[in-house]
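Chemist: Heads up, the sequence shown is in UniProt numbering, so the first residue is 5 and it goes up one at a time.
Backbone N, C-alpha and C define an ideal beta-carbon position, used for all residues, glycine too.
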Amino acid sequence: VKIVVLFSGNGSNLENLIKHFHCKRFGDKETQIIPITNRPNAKGIERAKKYGINTTIIDHKEFESRESFDAELVKVIKSIEPSLVVAAGFMRILTPVFTEQIRAINLHPSLLPLFKGANAIEESFNSQMRVGGVTVHWITPELDGGEIVEQGCVKKIRGETLEEFRQRIHDLEYTILPASIKYILNL
Ligand code: GRF
Numbered sequence: 005v006k007i008v009v010l011f012s013g014n015g016s017n018l019e020n021l022i023k024h025f026h027c028k029r030f031g032d033k034e035t036q037i038i039p040i041t042n043r044p045n046a047k048g049i050e051r052a053k054k055y056g057i058n059t060t061i062i063d064h065k066e067f068e069s070r071e072s073f074d075a076e077l078v079k080v081i082k083s084i085e086p087s088l089v090v091a092a093g094f095m096r097i098l099t100p101v102f103t104e105q106i107r108a109i110n111l112h113p114s115l116l117p118l119f120k121g122a123n124a125i126e127e128s129f130n131s132q133m134r135v136g137g138v139t140v141h142w143i144t145p146e147l148d149g150g151e152i153v154e155q156g157c158v159k160k161i162r163g164e165t166l167e168e169f170r171q172r173i174h175d176l177e178y179t180i181l182p183a184s185i186k187y188i189l190n191l
């Protein structure tokens with residue numbers, strides 16, 4: 005069972021997925037993580053290397069349009085024939101060229117539909133809400149708008165800093181995303 009993971013930077017979720025799924029057995033199925041990034045200097049590339057896993061780099065700067073980048077990404081993914089594609093910290097808006105051909109989920113650090121976009125953790129932290137959270141959803145052309153697979157929440161602690169809250173959100177991501185993948189792939 006091949007799982008493609010798309011990422012752009014730090015890659016802590018990629019590393020967590022490698023720990024959960026790379027060369028692991030679930031009944032008669034064996035899982036394998038295949039990382040792809042759009043940034044040649046993403047830190048996650050080194051994280052994967054520690055486990056002996058090479059990352060495919062598709063540098064978006066080499067493409068004239070979102071569509072031509074997406075077409076290349078689709079071509080590479082189709083050649084892998086994965087059971088699932090997971091975007092974890094993949095900072096690219098995907099066009100219908102991608103979404104109409106590839107079944108993929110995304111990890112987002114808020115309780116969607118609240119706080120879409122790139123500043124979700126900070127916006128949750130600064131909101132009047134007493135909880136924040138994490139969402140796994142299917143990717144559609146609408147940014148952070150597809151059908152929700154799973155959510156979890158984090159209760160705010162009075163007096164905590166943004167960085168403390170951010171860390172607790174990430175810790176929740178490290179359980180919610182693997183659980184969602186197991187559910188989708190019936191592992
Ligand atoms: C995560 O918070 C994820 O929810 C968001 O981007 C962040 C990626 O972190 N989409 P990392 O690269 O996995 O460390």
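Work out the CA separation of Gly15 and Ile38 for me, nearest whole Å.
Modeler: Computed Cα separation, rounded: 13 Å.
Chemist: Given a cut-off of 8 Å on the beta-carbon distance, is the pair Val80 and Ile62 in contact?
Modeler: Yes.
Chemist: Among all the DSSP beta bridges, which residues are the ones paired with His112?
Modeler: Looking at the DSSP assignment, His112 forms a beta bridge with Thr139.
Chemist: Grab me the residues of Pro44's own chain with a C-beta within less than 7 Å of its C-beta, minus the 5 sequence neighbours each way, in chain order.
Modeler: So the list reads Ile61 and Asp63, once near-sequence residues are dropped.
Chemist: What does DSSP give as the partner residues of Gly156 in its beta bridges?
Modeler: Answer is Val138.
Chemist: Distance check for Arg162 and Phe67, CA to CA, integer angstroms please.
Modeler: Computed Cα separation, rounded: 46 Å.
Chemist: Spatial neighbours of Val135 within its chain, please: CB distance less than 6 Å, with the 5 preceding and 5 following residues excluded, ordered by chain position.
Modeler: Excluding residues within five positions, the ones whose Cβ falls inside 6 Å are Cys157 and Lys159.
Chemist: Using a 10 Å radius around the Cβ and a threshold of 16 neighbouring Cβ atoms, would you call Thr59 buried or exposed?
Modeler: Buried, by the Cβ-count rule.
Chemist: Taking all protein chains shown into account, decide if Ala52 is buried (16 or more other Cβ within 10 angstroms of its Cβ) or exposed.
Modeler: Flag for Ala52 reads buried.
Chemist: Given a cut-off of 8 Å on the beta-carbon distance, is the pair Val140 and Leu181 in contact?
Modeler: Against a cut-off of 8 Å, the Cβ pair of Leu181 and Val140 comes out as a contact.
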